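>
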Amino acid sequence: MTNAIIRAMIVDDEEPARSEIKFLLEQHPDICVVCEAANCQEALAGVRQSRPHLIFLDIEMPGVNGVNIAEKIQEVLQPLIVFATAHEEFAIKAFELNAVDYLLKPFSPGRVAQCIEKVRSLLTARAHVAVKSSRGNPSAGCHRQKLAIEQNGKAQIINTADIIAAGSSEGQVTVYAVPKTYHVNMTLQDLQARLDENQFFRCHRGYLVNIEKIREVIPWFNGTYNLVMDGLAGMEIPVSRQQAPKLRKIFGL
Amino acid sequence: LRAQINPHFLFNALNTIVSLCRTNPEEARRLIIELSDFFRRSLKTSRDFVTLKEELEHVDSYLALEQARFGPRLSIVKTIDEETLNVLIPAFTLQPLVENAVKHGLLAQETGGTVSITAHRNGSSVDIVIGDDGAGIPRTTLAQVLVSGFGKGAGVGLSNVNERLKNIYGPKHALVIDSVEGQGTTVKFSIPAAARGVVA
C-alpha cells in the first residue's frame, strides 16, 4: 500500500483556491486529483462518480456550507475529509465529523505535506484492516462466529451461522446469507480460511456451503452431487467428483 | 473609528494571491497593491470624514480582491455623478454596505450576481444607493439588521453605519433598507452635499 495512488477530490467555490490546493497536492506523486467541484451538487456527483479516497473541502460555500456537504458525502461514501478554509471557528464541528485534518488558508507546502503524510498512514491502516478481514489467518484468533464484510467503506459484521453458501464467478465472491446476499472483495479461498472448517465445506472449486444448511443431497452424473440448501430457493450447489467422498463421509452416505 | 478588518476576508484574499503568483503574476502584483491600499485606509484613524472619491477607492480595493476570488460570479455596476466625488462622507460608510451586499446577497447564491453603487446629487443632498440582485433578506431578519450587535461578523455592521449616520446628520439620514427574498436588496441613505467639517 506504500505507493498506492490516493484519489483526491477538491471542493471549493473559488477557482484560485482550487488551483492552489491542486498544485500543492500534485507535488506528491502518489496523489491524483480525480475531481473538482464548485458546489454541493457537483461535490455529491463527483463523490459517486470518482469515489475519492480523500476530499479537501472548503467550509464557506453558497447555499450549503462545507460541514453540511461533508455530512451528505458521508451518507454516500466514507472518504477521508480534510477541511481547507480560512475559518478557524469551524474546527470543533469538523473534528466531530472525524475530519482528518483542518488546513487554514493560505496553506504552506510543508503543512500540506504533513497532512498528506497523515492521510497516507490512515489509508495504509485502513487497507490493513481490510486485508485482515479478508485474509483472516485462522491461527490469529479470529472470531469464527463473526465475519466482517466490507461494504461502502464500512465493515458489515454478520454471523457466520447465517451464511448459507458462497460462490465465486468472474473474480467476485457472492455470499448468500440470511437475510441478504453480499458481494465481497476476497477469494473463496480467503473466505474459507476465515470460517470454521467443521461447519463449512468446500464442495466445489467455485462453491462453499454451510453444512448445517444442506437440506437435500441429489446424486448427479459421474459421481457428483447437487445440494439443495435451506433458504436458497431455486438454486442447487454442485459437488465436484473430487469432493464427493468428503460429502459422503460427512453424512455417512 | 477604525475599520475592523474581517480576518476571513484577509486570509481568503491572501490565498487567492498565493494562487495567482503561479498562474498570473501580474494580477498577483496588482492585488497585493490593492490589499495594501485597503489596509492602509482601514488602519487610518486620523480622519472621521473622507471624500466620496476616497471612500469609493476603498470600495474598489475591496471589490478588486473579491472579484479575483469569485471571478464571473461577481459583477459591479457603478453610476456616480462626477459632481458628488468631492462631497465629504463619514469614513467606512460605503465599504461595509458593499461588503454586506456581496457576502450576504450575492455569494449566498451559486450564480452570484451584480452589486450596483449609485451616487447622485439631489438638490442639497447626495443620494447613495447600494443595490444587489442577490438572495434578499428574510422578512423576520429585516427588522433586526439595524439593531446594534446584529450579525456575527468582525466588520462594521449595518447597524454601526446606521447609528453613525443618525448621530452625525440626524434621524432623517438613517439607512433605508428594501429587500425582497429571492430578488435582492437596496440600501439607501442621503447626506448633505455641503456637510464639510461636521464634527462627529
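Read top to bottom, the protein sequences are chains C and F.
Counting in the numbering used here, the first sequence runs from 1 upward without gaps.
Counting in the numbering used here, the second sequence runs from 1001 upward without gaps.
Ideal placement from N, C-alpha and C gives every residue a C-beta, glycine not left out.
Keep in mind that this is a model prediction, so the values were computed, not measured.
1) Is the separation between the beta-carbon of C/Ile164 and that of C/Asp230 shorter than 8 Å?
2) Helix, strand or coil for C/Lys321 per DSSP?
3) So F/Leu1088 is in the beta strand (DSSP E); what residue range does that whole segment cover?
4) What's the C-alpha gap between F/Glu1099 and F/Ser1042?
5) Where do the ends of the alpha helix (DSSP H) carrying C/Lys93 lie?
6) Do the CB positions of F/Gly1071 and F/Gly1136 come within less than 8 Å of each other?
7) Which residues mark the beginning and the end of the alpha helix (DSSP H) in which C/Ser19 is found?
8) Do F/Leu1035 and F/Ala1068 have their C-beta atoms within less than 8 Å of each other?
9) Which residue's Cα is closest to the Cα of C/Ile149: C/Gln242, C/Ala177 and C/Glu88?
10) Among residues of its own chain, excluding the 5 on either side of C/Pro138, which ones have a beta-carbon nearer than 7 Å to its beta-carbon?
11) Quick one: does F/Phe1039 have its CB under 8 Å from some CB of chain C?
12) Return the residues of the stretch 161–180 of chain C that lie within a Cβ-Cβ distance of less than 7 Å from chain F, sorted by chain order.
13) From the beta carbon of C/Pro16, is the nearest beta carbon of chain F less than 8 Å away?
14) What are the start and end residues of each continuous beta strand (DSSP E) run of 3 or more residues lying completely inside the stretch 1155–1189 of chain F, in chain order?
15) Does any CB atom of chain C fall closer than 8 Å to the CB of F/Glu1110?
16) Measuring only between beta-carbons, confirm whether C/Met9 sits less than 8 Å from chain F.
17) Mind checking which residues open and close the alpha helix (DSSP H) that includes F/Thr1023?
18) Any C-beta of chain C sitting closer than 8 Å to the C-beta of F/Asn1122?
19) C/Gly63 touches chain F at which residues, Cβ-Cβ below 8 Å?
Quick answer:
1) Numbered from its first residue, the first sequence carries residue 164 of chain C at position 164. Numbered from its first residue, the first sequence carries residue 230 of chain C at position 230. In this structure, C/Asp230 lies closer than 8 Å to C/Ile164 by Cβ.
2) Here chain C covers residues 1 to 253 and nothing more, so residue 321 of chain C does not appear.
3) Numbered from its first residue, the second sequence carries residue 1088 of chain F at position 88. Run containing F/Leu1088: Leu1088 to Pro1090, per the beta strand (DSSP E) assignment.
4) In the second sequence, the residue the question calls residue 1099 of chain F occupies position 99. In the second sequence, the residue the question calls residue 1042 of chain F occupies position 42. Looking at the two C-alpha atoms, the distance is approximately 14 Å.
5) Locating residue 93 of chain C in the first sequence gives position 93, counting from the first residue. Element bounds for C/Lys93: Ala91 to Glu96.
6) Against the second sequence, residue 1071 of chain F aligns to sequence position 71. Against the second sequence, residue 1136 of chain F aligns to sequence position 136. Going by C-beta atoms, F/Gly1071 is not nearer than 8 Å to F/Gly1136.
7) Your numbering for residue 19 of chain C matches position 19 in the first sequence. That run of the alpha helix (DSSP H) goes Glu15 to Leu25.
8) Numbered from its first residue, the second sequence carries residue 1035 of chain F at position 35. Numbered from its first residue, the second sequence carries residue 1068 of chain F at position 68. Taking 8 Å as the Cβ cut-off, F/Leu1035 and F/Ala1068 do not qualify as a contacting pair.
9) Along the first sequence, one-based indexing puts residue 149 of chain C at 149. Closest by alpha carbon: C/Ala177.
10) Position 138 of the first sequence holds residue 138 of chain C. With a pLDDT of 45 at C/Pro138, under the threshold of 50, the predicted position of this residue should be treated as unreliable, though the coordinate-derived value follows. These residues qualify, in order along the chain: Ala193.
11) Locating residue 1039 of chain F in the second sequence gives position 39, counting from the first residue. By this cut-off, F/Phe1039 is not an interface position.
12) none
13) By one-based count along the first sequence, residue 16 of chain C stands at place 16. Yes, because at least one Cβ of chain F sits closer than 8 Å to the Cβ of C/Pro16.
14) The qualifying runs are 1176–1180.
15) As a working mapping, residue 1110 of chain F is identified with position 110 in the second sequence. It does: the Cβ of F/Glu1110 has a partner Cβ on chain C nearer than 8 Å.
16) Counting from 1 along the first sequence, the entry for residue 9 of chain C is found at position 9. For C/Met9, the answer is no, since every Cβ of chain F falls outside 8 Å of its Cβ.
17) On the second sequence, residue 1023 of chain F is found 23 positions in, with the first residue counted as 1. First-last of the alpha helix (DSSP H) with F/Thr1023: Pro1007 to Thr1023.
18) The count along the second sequence starts at 1 and reaches residue 1122 of chain F at position 122. No, F/Asn1122 does not count as interfacial toward chain C.
19) Along the first sequence, one-based indexing puts residue 63 of chain C at 63. Within chain F, the residues near C/Gly63 are Ala1108, Gln1109 and Glu1110.
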